[in-house]
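S.K.: Quick one: structure below, then a few questions.
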Amino acid sequence: MTDPLRRVAIVGSGNWGSTIAKIVGTNILKFNTFENEIRMYVYEEMVNGRKLTEIINQEHENVKYLPGHKFPPNVVAYSDVVDAVKDADILLFILPHQFVERTCLAIKSHVKKTAFAVSFSKGFYVSKDKRVELLSTVISRLLEVPCYVLMGANIASEVAAGTFCEATVGSRNYEHGQLIKGLIQTDEFRLVIKPDTEVIEVLGALKNIVAVAAGFSDGLGYGDNTKAAVIRLGLKEMVKFCEEFFPGHHPQIFLESCGVADLVTTCYGGRNRKVAAAFVKTGKDIRTLEEEMLNGQKLQGPDAAAEVQEWLKQKGQTNKFPLFVAVHEICERRLDPKALIDALRYHPEFCMSKEEVRQLFQKFDNGNGHLSLAEIERAIISFYPQFGTNRKAILRAYKAADTSGNGFVELKEFDKIVQLLKQYDTISKVFEELDTNDDHRISFQEFKKGFELLGEDNSDEESLKQEFNAMDSNDGNYVLFDEVSRTTLPEYKFTSNCLCIVLYVHGPSASAVIQILTEFTDKLLPIDVVVFSE
Ligand SMILES: NC(=O)C1=CN([C@@H]2O[C@H](COP(=O)(O)OP(=O)(O)OC[C@H]3O[C@@H](n4cnc5c(N)ncnc54)[C@H](O)[C@@H]3O)[C@@H](O)[C@H]2O)C=CC1
Ligand SMILES: O=C(CO)COP(=O)(O)O
Numbered sequence: 001m002t003d004p005l006r007r008v009a010i011v012g013s014g015n016w017g018s019t020i021a022k023i024v025g026t027n028i029l030k031f032n033t034f035e036n037e038i039r040m041y042v043y044e045e046m047v048n049g050r051k052l053t054e055i056i057n058q059e060h061e062n063v064k065y066l067p068g069h070k071f072p073p074n075v076v077a078y079s080d081v082v083d084a085v086k087d088a089d090i091l092l093f094i095l096p097h098q099f100v101e102r103t104c105l106a107i108k109s110h111v112k113k114t115a116f117a118v119s120f121s122k123g124f125y126v127s128k129d130k131r132v133e134l135l136s137t138v139i140s141r142l143l144e145v146p147c148y149v150l151m152g153a154n155i156a157s158e159v160a161a162g163t164f165c166e167a168t169v170g171s172r173n174y175e176h177g178q179l180i181k182g183l184i185q186t187d188e189f190r191l192v193i194k195p196d197t198e199v200i201e202v203l204g205a206l207k208n209i210v211a212v213a214a215g216f217s218d219g220l221g222y223g224d225n226t227k228a229a230v231i232r233l234g235l236k237e238m239v240k241f242c243e244e245f246f247p248g249h250h251p252q253i254f255l256e257s258c259g260v261a262d263l264v265t266t267c268y269g270g271r272n273r274k275v276a277a278a279f280v281k282t283g284k285d286i287r288t289l290e291e292e293m294l295n296g297q298k299l300q301g302p303d304a305a306a307e308v309q310e311w312l313k314q315k316g317q318t319n320k321f322p323l324f325v326a327v328h329e330i331c332e333r334r335l336d337p338k339a340l341i342d343a344l345r346y347h348p349e350f351c352m353s354k355e356e357v358r359q360l361f362q363k364f365d366n367g368n369g370h371l372s373l374a375e376i377e378r379a380i381i382s383f384y385p386q387f388g389t390n391r392k393a394i395l396r397a398y399k400a401a402d403t404s405g406n407g408f409v410e411l412k413e414f415d416k417i418v419q420l421l422k423q424y425d426t427i428s429k430v431f432e433e434l435d436t437n438d439d440h441r442i443s444f445q446e447f448k449k450g451f452e453l454l455g456e457d458n459s460d461e462e463s464l465k466q467e468f469n470a471m472d473s474n475d476g477n478y479v480l481f482d483e484v485s486r487t488t489l490p491e492y493k494f495t496s497n498c499l500c501i502v503l504y505v506h507g508p509s510a511s512a513v514i515q516i517l518t519e520f521t522d523k524l525l526p527i528d529v530v531v532f533s534e
């Protein structure tokens, strides 16, 4: 007796979903291992006064999401997702990632226990309680079936037109991997199976964030060199993300279609790039542009940036991924698009290596194994001349790094200074801009004005006051440089335990005393003021 034919369902019918339906529908007619009819779930909507499912089933074309390409007649559109997946053995999930979880919930108890799924979606899932998961994990968890992935350099319209391209299938199951390949591969769409799913999926999600950065760069009018830097530094962050959170993968995976190739094609030809460039040029928000420019198609990059930000925040690792973070902050309008260039310029990639730090330390060490403040200043100025004029930043970094508290800096502490310097330099520049009357502290009025200068809405005085008070940790009614540093620099701690003034203050003069002492110590040596107010 021969095995029963396998049934295939396609969950999703957007630009990529329709392209895969066209390929799979055509392939299936050539074999006799799969049932001829492919059910395709179509999120129902009216197009020119008719139901989209009706148009697809009568005209064999998805006129909205893949116009100009005919489906073979065995591709049948279903508006009910439960009907679409009924008795299916292979489920191809090709939805914008924002809709994956809710769709899985709808079909949860209707999926065959022996089935398996393949995810083509690029992004992450964040639950209401902020748990971040891979989409393949969500599909597998909710449907209780294995889930593999297919990712690659695949701009859908080009694949649909049949121009040559390739993709990576992630599967550790040999038999399922071969089935996927047999179902989807064509002469023009070549597949390579790799025994991994997580990293392949993560690369597909992360490259969309880099593509948004590439779009910002284009929108700002920078050329191909800058875009190449975005791509290279973005790739570095993609690799770092995989190394930090998905160790054990094969390093060659980045050279597969799901890695460098997908990154390059999306940074040049993708929707994320296009909309991000328009975001900079028009000043309109991302959602408005998505509606205006994509005719119902969905962007994945800006949401992926928010999801990655959540992930990194939870792991305390935002500082290692400045490009990803900058993309999110720019999309949310908390940073100007030009800040992207700062994220490139001051990328950890350009920081001194451990060896360079050691050599610099040795050059300025007079042989006693530690550096004094004067030696540190000379060392820093020789390597980072731009910080020479910002003595305040050098002093702060020195204070924060002198963890042994002996007033001298050993090699390990010097390394910390080098890391902190840039952050203090940036904070002090922002501080100086806000401090319009140069009194070395920021009043609420100056804080409010800062929002106006940034082009932000500052009319909600109540919430601005809350933010101001949260920074003003000593309740002095002014925000001091130390307070800004503490809010923005998670690493910053009062670390000196040698020259440390401990105050017990209370009453109306308390804040003035704190103020004077903090400012006084700012101008002198690294003395920390630790205040306990009763
Ligand atoms: N389009 C492309 O070139 C490629 C896309 N991908 C990935 O494939 C996934 C799907 O992308 P596309 O097919 O391009 O989709 P798309 O961007 O064309 O999205 C539109 C689809 O979303 C559906 N939709 C809207 N609201 C919905 C809802 N509430 N529930 C369910 N569906 C809803 C629409 O009906 C339509 O089918 C994405 O994660 C994308 O990153 C991967 C490679 C290439
Ligand atoms: O994933 C893609 C190409 O592989 C498509 O990218 P966009 O979503 O930016 O168009």
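Last residue of the sequence shown? That's 534 in UniProt numbering, and every number before it is there in order. Ideal Cβ positions, reconstructed from N, Cα and C, are used throughout, including at glycine. Computed from a predicted structure; not experimentally measured.
(1) In whole angstroms, give me the CA-to-CA distance for R333 and Q317.
(2) Which two residues bound the contiguous alpha helix (DSSP H) that contains S217?
(3) If we count Cβ pairs, one from each stretch, closer than 8 Å, do we get three or more for the segment 413–424 versus the segment 392–399?
(4) Looking only at its own chain, which residues have a Cβ that is under 7 Å from the Cβ of N390, when we skip the five neighbours before and after it?
(5) Taking 7 Å as the cut-off, is the beta-carbon of D303 closer than that to any non-hydrogen atom of ligand 2?
(6) Who are the near neighbours of A84 in its chain, counting only those whose CB is closer than 6 Å to its CB and skipping five residues on each side?
(7) Sort N27, F216 and V202 by Cα distance to E244 and report the nearest one.
(8) Quick one: measure Cβ to Cβ for residue 595 and P322, integer angstroms, because I've assumed they're closer than 8 Å.
(9) I'd like to confirm something about E45: is its beta-carbon nearer than 7 Å to some heavy atom of ligand 1, or not?
(10) Ligand 2 and G177: does the residue's C-beta get closer than 7 Å to at least one heavy atom of that ligand?
(11) Measuring only from the beta carbon, is N15 closer than 7 Å to any heavy atom that is part of ligand 1?
(12) Where does S509 fall in DSSP's three states?
(13) Taking 8 Å as the cut-off, does the segment 191–201 touch the segment 157–176 (at least 3 CB pairs, one atom from each stretch)?
(14) Hey, how far is the Cα of L142 from the Cα of V81?
(15) List the whole-angstrom C-beta distance separating G296 from Y65, where the pair is believed to meet the contact cut-off of C-beta under 8 Å.
(16) Any chance the CB of S136 is under 7 Å from a heavy atom of ligand 1?
(17) If I measure Cβ to Cβ from G219 and keep anything under 8 Å in the same chain, skipping five residues before and after, which residues do I get?
(18) Is I56 near ligand 1, going by C-beta to nearest heavy atom under 7 Å?
(19) Using alpha carbons as the reference points, say which of T266, E291, G215 and D224 lies closest to G204.
(20) Do three or more CB pairs link the segment 54–71 to the segment 84–99 at distances below 8 Å?
(21) Pick out the complete alpha helix (DSSP H) segments inside the UniProt domain "EF-hand" (422–457), 4 residues or longer, and give them in chain order.
(22) Of all the options V100, K298 and K240, which has the alpha carbon lying nearest to the alpha carbon of K274?
(23) When you compare each of K51, D129 and F364 to F414 by their alpha carbons, which one comes out closest?
(24) Within 10 Å of its beta-carbon, does D475 have 16 or more other beta-carbons around it, so buried, or fewer, so exposed?
(25) Are there any heavy atoms of ligand 1 lying less than 7 Å away from the beta-carbon of L105, as far as the coordinates show?
(26) Would you decide whether G367 is buried or exposed? Buried here means 16 or more other CB atoms lie within 10 Å of its CB.
(27) Should the segment 93–103 be called in touch with the segment 3–22, which here means at least 3 C-beta pairs below 8 Å?
M.R.: In short, the structure shows the following:
(1) Each residue's Cα considered, the two are about 21 Å apart.
(2) From DSSP, the alpha helix (DSSP H) with S217 extends over E198 to G219.
(3) Judged by Cβ distances under 8 Å, the segment 413–424 makes contact with the segment 392–399, as three or more pairs qualify.
(4) Cβ neighbours of N390 beyond the five flanking positions: D425 and S428.
(5) Every heavy atom of ligand 2 is 7 Å or more from the Cβ of D303, so no.
(6) Hits under 6 Å: A9, R39, Y41 and Y78.
(7) Of the candidates N27, F216 and V202, V202 places its Cα closest to the Cα of E244.
(8) In the structure as shown, the chain starts at 1 and stops at 534, and residue 595 therefore has no counterpart that could be examined.
(9) It does: the Cβ of E45 is within 7 Å (strictly closer) of some heavy atom of ligand 1.
(10) With a cutoff of 7 Å, G177 does not count as near ligand 2, since its C-beta is closer than that to no heavy atom of the ligand.
(11) Of the heavy atoms belonging to ligand 1, at least one sits nearer than 7 Å to the Cβ of N15.
(12) In this prediction, S509 has a pLDDT of 49, which is less than 50 and means its spatial position is unreliable; nothing more can be read from the coordinates.
(13) Yes, since at least three Cβ pairs between the segment 157–176 and the segment 191–201 fall closer than 8 Å, the two stretches touch.
(14) Cα to Cα, L142 sits roughly 15 Å from V81.
(15) Correct: roughly 7 Å between the Cβ atoms.
(16) Not one heavy atom of ligand 1 lies closer than 7 Å to the C-beta of S136.
(17) Non-local beta-carbon contacts of G219 in its own chain, meaning distances under 8 Å to residues more than five positions away in sequence, involve A276, A277, A278, F279, V280, K281 and P337 in chain order.
(18) Because no heavy atom of ligand 1 lies under 7 Å away, the Cβ of I56 does not count as near it: no.
(19) Measuring C-alpha to C-alpha distances from G204 to each of T266, E291, G215 and D224 identifies T266 as the nearest.
(20) Contact between the segment 54–71 and the segment 84–99 is absent, because fewer than three Cβ pairs lie under 8 Å.
(21) The qualifying runs are 444–453.
(22) For the set V100, K298 and K240, the Cα lying nearest the Cα of K274 is the one of K298.
(23) Closest option to F414, judged by alpha-carbon separation, among K51, D129 and F364: F364.
(24) Residue environment analysis places D475 among the exposed positions, since fewer than 16 neighbouring C-beta atoms fall within 10 angstroms of its C-beta.
(25) Outside the cutoff, so no.
(26) By the 16-neighbour rule on beta-carbons within 10 angstroms, G367 is exposed.
(27) Between the segment 93–103 and the segment 3–22 there are three or more inter-stretch CB-CB distances shorter than 8 Å, so the stretches are counted as touching.
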